[in-house]
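Q: Numbering (full-length UniProt numbering), first residue to last: 1 to 173. Here a beta-carbon is modelled for each residue, glycine too, at the ideal position from N, C-alpha and C.
#1: Are residue 70 and residue 50 close, meaning C-beta to C-beta below 8 angstroms?
#2: Express the C-alpha separation of residue 104 and residue 90 in angstroms, rounding to a whole number.
#3: Relative to the C-alpha of residue 99, which residue among 86, 88, 82 is closest?
#4: What are the boundary residues of the beta strand (DSSP E) that residue 74 is part of?
#5: Between which two residues does the beta strand (DSSP E) holding residue 38 run?
#6: Specify the secondary structure class of residue 60 as computed by DSSP and reduced to three states.
#7: Given this structure, state the Cα-to-Cα distance separating residue 147 from residue 107, to the nearest angstrom.
#8: Starting from residue 88 and walking both ways along the beta strand (DSSP E), at which residues does that stretch end?
#9: Inspect the beta-carbon positions of residue 61 and residue 74 and report whether they are closer than 8 angstroms.
#10: Quick one: Cα of residue 92 to Cα of residue 19, how far?
#11: Between which two residues does the beta strand (DSSP E) harbouring residue 31 extend?
#12: Among 31, 97, 42, 102, which one has its Cα closest to the Cα of residue 79?
#13: Going by Cα to Cα distance, which pick from 102, 29, 37, 46 is closest to residue 176?
#14: Considering residue 21, what are the terminal residues of the beta strand (DSSP E) in which it resides?
#15: May I have the straight-line CA-CA distance separating residue 59 from residue 48, to the nearest angstrom?
#16: Rounded to whole angstroms, what's the CA-CA distance from residue 37 to residue 31? Just pull it up for me.
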């Protein structure tokens, strides 16, 4: 192959046509090193616009790392009973342990709503109590465990109607 050089306006040689340069890795990025020599490598360094990484596992993402201004591989992890992370080939899925749509019926051992709290007792107990933030009982209802679900015991509890109308004890039976 014949390489012809021409002078550009600054006086440096320029390649006209194509050239083959020895000691470069085929199909890898080519860049100049600190000595202004052309080099190629299997991994494009961050300071040359690459990631500095060559292999990944399912679900890994690149995160900025101030040490050396590089990129580090990291995986998202969930929190038990709060967020579930499923790492897949080219995907990361975040989900919750149960559905929380407005049409769902999530089940909790207990929960707190501003001003209210509900405590669902274990299967050996029989009372569900709704209290306000100062522990005043708003509603209580005796329940029993059927083996698969809680069921209300008839004729017990104060009930929402009684509280709203200040009528005292209320039978839901």
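A: Per the coordinate set shown:
#1: no
#2: 30 angstroms
#3: Of 86, 88, 82, the residue nearest in Cα terms is 82.
#4: 70 to 75
#5: 38 to 40
#6: strand
#7: 16 angstroms
#8: 84 to 88
#9: yes
#10: 44 angstroms
#11: 30 to 32
#12: 97
#13: There is simply no residue 176 to check, as the chain begins at 1 and stops at 173 in what is shown.
#14: Segment: none, residue 21 is in no beta strand (DSSP E) and carries neither H nor E.
#15: 25 angstroms
#16: 8 angstroms
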